[in-house]
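Engineer:
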Amino acid sequence: MEPILNKDEYTFYLIGNVDDFTERLGRVVRLGKEEIAVFKTTDEQIYALENKSPGPRGGTIAEGIISGEVLFDPICDWKISLKDGQVLDPDTGQVRTYPVHVHGNEVRVGLVKNEGGRFHE
Amino acid sequence: MVKVQERRHLVLIGNGMAGINTVEQILKLAPSTYRITVFGSEPYPNYNRIQLSYVLEKSKAVEDIILNDWNWYLENEIELYTGTTVTHIDTEQKIVKADNGIEVPYDALIIATGSNPFLLPVPGADKEGIVGFRDIADCQNMLHAADQYKKAAVIGGGLLGLEAAKGLLKLGMDVTVVHLFEEIMERQLDHTASLMLQAELESQGLKFATGKQTEEFLGDERVSGIRFSDGTTLDAEFVVMAVGIRPNILLAKESGIAVNRGILVDDYMRTSAPDVYAVGECNEHRGTTYGLVAPLFEQGAVLAKYLCGVETKPYEGSVVSTQLKISGVDVFSAGEFMDAEGLSVVRMHDDWLRIYKKVLLRGGRIVGGVLIGDGKESSRLQQWIRTGTVMTEAIHNAIVGQSAVETGNTAAELADEEIVCGCNGVTKKHIVDAINEKGLTTVEEIKVATSASRSCGGCRPVVEQILQYVLGDKYDSAAAKQEAICSCTTLSRDEVVTAIKEKGLITSKEVRYALEWDNPEGCSKCRPALNYYLGMIWPAEHVDEKDSRFVNERMHANIQKDGTFGVVPRMYGGVTTPDDLRLIADIAVKYNVKLVKVTGGQRLDLLGVKKEDLPKIWKDLGMPSGYAYAKALRTVKTCVGSQFCRFGTKDSMGMGILLEKKFERLDMPAKFKLAVNGCPRNCAESSTKDIGIVGNEGAWEIYVGGNGGIKARLAELLCKVRTDEELLEIVSAFMQYYRETGKYLERTSDWIERMGLESVTEAIVNDLDNRRALAERMEVALAQVKEPWSEILNNSNLRERMFEEISVSTKQD
Ligand SMILES: Cc1cc2nc3c(=O)[nH]c(=O)nc-3n(C[C@H](O)[C@H](O)[C@H](O)COP(=O)(O)OP(=O)(O)OC[C@H]3O[C@@H](n4cnc5c(N)ncnc54)[C@H](O)[C@@H]3O)c2cc1C
Ligand code: SF4
Chain Z
36 MEPILNKDEY TFYLIGNVDD FTERLGRVVR LGKEEIAVFK TTDEQIYALE
86 NKSPGPRGGT IAEGIISGEV LFDPICDWKI SLKDGQVLDP DTGQVRTYPV
136 HVHGNEVRVG LVKNEGGRFH E
Chain X
28 MVKVQERRHL VLIGNGMAGI NTVEQILKLA PSTYRITVFG SEPYPNYNRI
78 QLSYVLEKSK AVEDIILNDW NWYLENEIEL YTGTTVTHID TEQKIVKADN
128 GIEVPYDALI IATGSNPFLL PVPGADKEGI VGFRDIADCQ NMLHAADQYK
178 KAAVIGGGLL GLEAAKGLLK LGMDVTVVHL FEEIMERQLD HTASLMLQAE
228 LESQGLKFAT GKQTEEFLGD ERVSGIRFSD GTTLDAEFVV MAVGIRPNIL
278 LAKESGIAVN RGILVDDYMR TSAPDVYAVG ECNEHRGTTY GLVAPLFEQG
328 AVLAKYLCGV ETKPYEGSVV STQLKISGVD VFSAGEFMDA EGLSVVRMHD
378 DWLRIYKKVL LRGGRIVGGV LIGDGKESSR LQQWIRTGTV MTEAIHNAIV
428 GQSAVETGNT AAELADEEIV CGCNGVTKKH IVDAINEKGL TTVEEIKVAT
478 SASRSCGGCR PVVEQILQYV LGDKYDSAAA KQEAICSCTT LSRDEVVTAI
528 KEKGLITSKE VRYALEWDNP EGCSKCRPAL NYYLGMIWPA EHVDEKDSRF
578 VNERMHANIQ KDGTFGVVPR MYGGVTTPDD LRLIADIAVK YNVKLVKVTG
628 GQRLDLLGVK KEDLPKIWKD LGMPSGYAYA KALRTVKTCV GSQFCRFGTK
678 DSMGMGILLE KKFERLDMPA KFKLAVNGCP RNCAESSTKD IGIVGNEGAW
728 EIYVGGNGGI KARLAELLCK VRTDEELLEI VSAFMQYYRE TGKYLERTSD
778 WIERMGLESV TEAIVNDLDN RRALAERMEV ALAQVKEPWS EILNNSNLRE
828 RMFEEISVST KQD
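Read top to bottom, the protein sequences are chains Z and X. In our numbering, each residue carries its 1-based index in the first sequence increased by 35. In our numbering, each residue carries its 1-based index in the second sequence increased by 27.
1) Nearest CA to the CA of Leu136(X): which residue from Asp717(X), Thr237(X), Val50(X) and Ala800(X)?
2) So that I know if they touch, is there some Cβ in chain X lying closer than 9 Å to that of Asp112(Z)?
3) Straight-line CA distance for Ser713(X) to Tyr82(Z)?
4) Taking 8 Å as the line, does the beta carbon of Cys309(X) fall inside it for any heavy atom of ligand 1?
5) So Glu727(X) is in the alpha helix (DSSP H); what residue range does that whole segment cover?
6) The beta strand (DSSP E) that contains Ala657(X), what's its start and end?
7) How would you list, in chain order, the residues of chain Z whose beta-carbon sits under 7 Å from the beta-carbon of Gly590(X)?
8) What first and last residue would you give for the beta strand (DSSP E) that runs through Ser142(X)?
9) So the alpha helix (DSSP H) Leu745(X) belongs to, where does it begin and stop?
10) Run the CB neighbour count on Lys501(X), radius 10 Å, all protein chains shown included, and call it buried at 16 or more, exposed below.
11) Please name the residue in Tyr176(X), Lys621(X) and Lys528(X) whose C-alpha comes closest to that of Ala541(X).
12) Using the Cα positions of Thr95(Z) and Gln129(Z), report the straight-line distance between them to the nearest angstrom.
13) Could you check if Ala506(X) is buried or exposed, using at least 16 other CB atoms within 10 Å of its CB as the buried criterion?
14) Ignoring anything shorter than 3 residues, give me the beta strand (DSSP E) runs that lie fully in the region 781-838 of chain X, in order along the chain.
15) Mind listing, in chain order, the continuous alpha helix (DSSP H) runs of no fewer than 4 residues lying wholly within the region 506-593 of chain X?
16) Specify whether the region 663-682 of chain X and the region 586-593 of chain X touch according to this definition: at least 3 beta carbon pairs, one from each stretch, less than 8 Å apart.
17) Cβ of Glu141(Z) less than 9 Å from any chain X Cβ?
18) Apply the 10 Å Cβ neighbour rule to Leu37(X) and answer buried if 16 or more other Cβ atoms are within range, or exposed otherwise.
19) Looking at ligand 3, does it come within less than 8 Å of Ile473(X), judged from the CB to the closest heavy atom?
20) Skipping 5 residues on each side, what residues in its chain have a beta carbon closer than 6 Å to that of Ile462(X)?
21) Given a cut-off of 9 Å, decide if Arg76(X) and Gly43(X) are closer than it, judged by their beta-carbon atoms.
22) I want to verify the contact list: residues of chain X whose CB lies under 7 Å from the CB of Phe47(Z), in sequence order.
23) Using the Cβ count rule (16 or more neighbours within 10 Å means buried), how would you classify Ser430(X)?
24) Which value, in whole angstroms, describes the spacing of the CA atoms of Val142(Z) and Glu818(X)?
25) Could you tell me the distance, in whole angstroms, from the CA atom of Asn723(X) to the CA atom of Gly668(X)?
26) Within 9 Å of any Cβ in chain X, is that where the Cβ of Ile50(Z) sits?
27) Where does Ile138(X) land, buried or exposed, given buried means 16+ other C-beta within 10 angstroms?
28) Let me check understanding here. Comparing Cα to Cα, which of Pro696(X), Leu398(X), Ala702(X) and Arg597(X) lies closest to Met650(X)?
29) Using only the heavy atoms of ligand 1, determine whether one of them is closer than 8 Å to the beta carbon of Lys352(X).
30) Does the beta-carbon of Arg288(X), which I'm using as the reference point, lie nearer than 8 Å to any heavy atom of ligand 1?
31) Scan the region 744-768 of chain X for residues whose Cβ lies nearer than 7 Å to a Cβ of chain Z and list them as they occur along the chain.
32) Would the beta-carbon of Ile399(X) fall within 9 Å of that of Phe364(X)?
33) I want to know whether the region 766-773 of chain X touches the region 700-707 of chain X - three or more CB-CB distances under 8 Å.
34) Below 8 Å on C-beta distance, what does Arg828(X) contact in chain Z?
35) Kindly list, in the order they appear in chain X, the residues whose Cβ is closer than 8 Å to that of Pro109(Z).
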């Protein structure tokens, strides 16, 4: 699949069609070295988050329960906002998010440009 | 710094309720003040004597009534001599001597030797088959006798006698209560109340011989009957004497300590000998000896403070109240209960409802009362009596009126040291501290943290009032009564289930909409719960909502902390074949699993399987996965049983496989485990299972409500059945009853405690129509159960979306 360049500092990669994702069920996407959990909400919004639980026990988040724009972490049941990856009260933490562009039926996820898909911490 | 050798040496004689309670309080107040040694005649650690009545009626085992186990003594560095009786106290040298030759010096000595049952000094009283009711040994004697004999007599129609009689009745004996006076419990009840109680007990099957003075026990070696002073006789193969207790003062008396009826003590429990104290039933304080725990805990509190140098008010005596622990009979009595001059009486007597309530006033203040048939007000009445509350219209209404009128919160008036829970000796302060320190908000939490209201439950209303008093505005009485199923709604489980049925709601979306959920898509608590309730209520109509399932149930595999999964191939009854084993081994190699583990449920767990490999593993295995992760029947553990075992009387493997095949995959409120044993040796450990089945010669025993998990609980005997058909029907009815009434995620161990074993027994053992109806509804539910693997294997779209990853390269092609 072909990367398309964006004006911003992201490179967007086509990861599939809207129909490849099921409402309220996460799916794992490997994009280069990134492991990303992609979610589709009831109103067909698509979100991409790093597939890593923010909780102390580690684990993945793609298997969580989705309610509106909130994800319930399957390992520690923390609430995570799909929009910005913020862990909601009463817990704290943050999950990395990736920008998502949907054009027609195509879904693209952005990685920071020029970094070959790898983030600098 | 205090060195260990420098600690003062405290010796306690009597490992019973009063003595150990005092030690507990000392450990709390000043843990390093004393080095402690305890002597006890009985071969057990400290146990709850009050609950012997439950051991007798077999609703509890001896282990259940242990208050402090062996570990507790170790942890607190207490030297314990069980099965050791102290025979002499040298009050000059300050040394105690025991029957096994041990001599121990003391700096301080507590005597807490309790009392002995009083045995009537009539001819024949030493015959075999005549026992008292005081300790575990007596209790075991009675259990043993009930196995061998049919006709029992209990002499003494007081509290203890009636509990013994009811226990023996429950064990299947024909029991007559013999009482010297015309009226039973004459020391606690007035004429009317006594007659009502007797009538109630007669309707439950007890017989009474009142106004009878025992003159002689008949029989040769063993008792065969009783002759009374009026010349009449009563046949009895077994006799329990419960005519009273005598403070156990022999040791003190022979050691030169001043005694009267009991060991004489002052307001700080000091005896006539220096540094020697006495607490509990063995002492006599201001002319009174006590035979109940509440006063002796109050004594213990004063003594503990005194010994730790903490300032304390003197002990000035207790107002005692009594409550009968016999199930199905509410009897309460406290303070002054007989009509007498100078007392005014508030009375309510309803023959039809069989309720009798009486409250006595002196100068307008409440000084005593009796409640029969409706004990709801008992703990408040007890408080009103203790505090000498002035009678008001509100209180009057609460006692005799129909409507419950707000009578205010009396928790504020309780003294810190006041015992709230008599069964477990929990003071108000203990509860208040637990609420504050641990942030408790419900009575259930208090129960777990402090044990208050854990035993007879009589003090629950007071505990609730204390909670209300401590939390103030933060106390939410509605929430405390019926917990909402999650924070998206204020409705409780029962309210939601009723609404689903009444309004015919079919999907969880409809439920959330119709019942005005705050959060339109629900949360991780209510979504799986609603999905379960809907499936249980509408087995045929409900479409399972995958997105409301926890990952384990959605993927039919157990997610591990590294995001891989565990697969447990089904081995019905824990039985497999060499071919299946080989297949499992081959597949473990093929898919490079990280570990193969034998689970606690006798299955093999393949750990470290990648999500996308799951469908392939199922396909290659060709056997279902074991549901070792679902809110459903997990495994049926079995022993070898009659097929191979030389002890086995029943085919436990056959029955286990049958049960597992019948009930597999059906959704339950929580995980559910079974075990089947071929004989009472119980090699498959039924006592910690939701249903544990034990084969016996000619019968199956069914145990329920066991749990080996977070809150361990031993299963209780539900019933015995003779045939396999009956076994299947009862297991089926039990599971369906739990499915219909359980809260989501509520294990049977909690469910049984909430519902009460008796009501469950009534619903599925005694009520045959109901049992059959439940079993029929179970069949309907089972008919809908689908095998989930083939669905996933056959539906490539579903398989891809649920299990397969999308992989995208970031290098430009
Ligand atoms: C079946 C039953 C039901 C009851 N129900 C209730 C109830 O519902 N409510 C209530 O308030 N009370 C009830 N009671 C009474 C309550 O159990 C007692 O009041 C309480 O246990 C007394 O405590 P204690 O420490 O004084 O004596 P105990 O608990 O009897 O302890 C005394 C211990 O000292 C040991 N001992 C005696 N002499 C020696 C010695 N020389 N050396 C070493 N050890 C010695 C004894 O073996 C005994 O274990 C009931 C009692 C029984 C038997
Ligand atoms: S429970 Fe009884 S029948 Fe089963 S294996 Fe053990 S000894 Fe044998």
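Beta carbons: idealized from backbone N, C-alpha and C, even for Gly. Quick caveat, the model's predicted, so the values are computed rather than measured.
Structural biologist: Taking the geometry as given:
1) Mapped onto the second sequence, residue 136(X) falls at position 109. For Leu136(X), the nearest C-alpha among the options comes from Val50(X).
2) Taking the first residue of the first sequence as 1, we reach residue 112(Z) at position 77. With 9 Å as the cut-off, Asp112(Z) counts as an interface residue toward chain X.
3) Position 686 of the second sequence, counted from the start, is the residue given in the question as residue 713(X). Position 47 of the first sequence, counted from the start, is the residue given in the question as residue 82(Z). Distance between the alpha carbons of Ser713(X) and Tyr82(Z): 48 Å.
4) The residue you call residue 309(X) lines up with position 282 of the second sequence. For ligand 1, at least one heavy atom lies less than 8 Å from the Cβ of Cys309(X).
5) Locating residue 727(X) in the second sequence gives position 700, counting from the first residue. The amino acid occupying residue 727(X) in the given sequence is Trp; Glu does not appear at that position. Note, Trp727(X): premise wrong, no alpha helix (DSSP H); beta strand (DSSP E) at Ala726 to Val731.
6) Here residue 657(X) refers to the residue found at position 630 when the second sequence is read from its first residue. Looking at the DSSP string, Ala657(X) is not in any beta strand (DSSP E), and its letter there is neither H nor E.
7) Walking along the second sequence from the start, residue 590(X) turns up at place 563. Chain Z residues near Gly590(X): Gly94 and Thr95.
8) Here the question's residue 142(X) lines up with position 115 in the second sequence. Residues Ser142 to Pro144.
9) One-based indexing of the second sequence puts residue 745(X) at position 718. It is not in any alpha helix (DSSP H) - Leu745(X) instead sits in the beta strand (DSSP E) that spans Glu743 to Val748.
10) Position 474 of the second sequence, counted from the first residue, corresponds to residue 501(X). Exposed, because fewer than 16 other Cβ atoms sit within 10 Å of the Cβ of Lys501(X).
11) Indexing the second sequence from 1 puts residue 541(X) at position 514. Ranking the options by Cα distance to Ala541(X), first place goes to Lys528(X).
12) Counting from one through the first sequence, the residue named residue 95(Z) turns up at place 60. Counting from one through the first sequence, the residue named residue 129(Z) turns up at place 94. Looking at the two C-alpha atoms, the distance is approximately 14 Å.
13) Looking up residue 506(X) in the second sequence gives position 479. With a pLDDT of 49 at Ala506(X), under the threshold of 50, the modelled position of that residue is not reliable, and the figure given next carries that caveat. Exposed, because fewer than 16 other Cβ atoms sit within 10 Å of the Cβ of Ala506(X).
14) 833-835
15) 520-530, 535-541, 553-564 and 578-582
16) no
17) As a first step, residue 141(Z) must be located in the first sequence, where it is residue number 106. Cβ-Cβ to chain X under 9 Å: no for Glu141(Z).
18) The count along the second sequence starts at 1 and reaches residue 37(X) at position 10. Counting Cβ neighbours within 10 Å, Leu37(X) comes out buried, since at least 16 surround it.
19) Questions concerning ligand 3 fall outside what the structure shown contains, since the ligands it does hold are ligand 1 and ligand 2.
20) Position 435 of the second sequence, counting from 1, holds the residue named residue 462(X). If we look at Ile462(X) and ignore the five residues flanking it on each side, its Cβ neighbours are Val497.
21) In the second sequence, residue 43(X) corresponds to position 16, counting from 1. In the second sequence, residue 76(X) corresponds to position 49, counting from 1. Contact: yes.
22) As a working note, residue 47(Z) is residue 12 in the first sequence. The premise fails here: Phe47(Z) is roughly 11 Å from chain X at the closest Cβ pair, so nothing lies under 7 Å.
23) Here the question's residue 430(X) lines up with position 403 in the second sequence. Note on Ser430(X): pLDDT 43, under 50, position unreliable in the model; the coordinate value appears next. Exposed: under 16 other Cβ atoms inside 10 Å.
24) Mapped onto the first sequence, residue 142(Z) falls at position 107. Mapped onto the second sequence, residue 818(X) falls at position 791. If I take the Cα positions, the gap works out to 28 Å.
25) Here residue 723(X) corresponds to residue number 696 of the second sequence, with the count starting at 1. Here residue 668(X) corresponds to residue number 641 of the second sequence, with the count starting at 1. Asn723(X) and Gly668(X): Cα-Cα distance of roughly 11 Å.
26) Position 15 of the first sequence, counted from the start, is the residue given in the question as residue 50(Z). So yes, Ile50(Z) belongs to the interface.
27) In the second sequence, residue 138(X) corresponds to position 111, counting from 1. Buried is the call here.
28) Within the second sequence, the letter at position 623 stands for residue 650(X). That would be Arg597(X), whose Cα lies nearest to the Cα of Met650(X).
29) Here residue 352(X) refers to the residue found at position 325 when the second sequence is read from its first residue. Yes - ligand 1 has a heavy atom lying nearer than 8 Å to the Cβ of Lys352(X).
30) Locating residue 288(X) in the second sequence gives position 261, counting from the first residue. No, since every heavy atom of ligand 1 falls outside the 8 Å radius drawn around the Cβ of Arg288(X).
31) none
32) What you label residue 399(X) is simply residue 372 of the second sequence in a count that begins at 1. What you label residue 364(X) is simply residue 337 of the second sequence in a count that begins at 1. No, Cβ-Cβ distance for Ile399(X) and Phe364(X) is not below 9 Å.
33) no
34) Taking the first residue of the second sequence as 1, we reach residue 828(X) at position 801. Within chain Z, the residues near Arg828(X) are Asp55, Phe56, Thr57, Leu60 and Arg62.
35) What you label residue 109(Z) is simply residue 74 of the first sequence in a count that begins at 1. The answer, in chain order, is Phe577, Val578 and Ile586.
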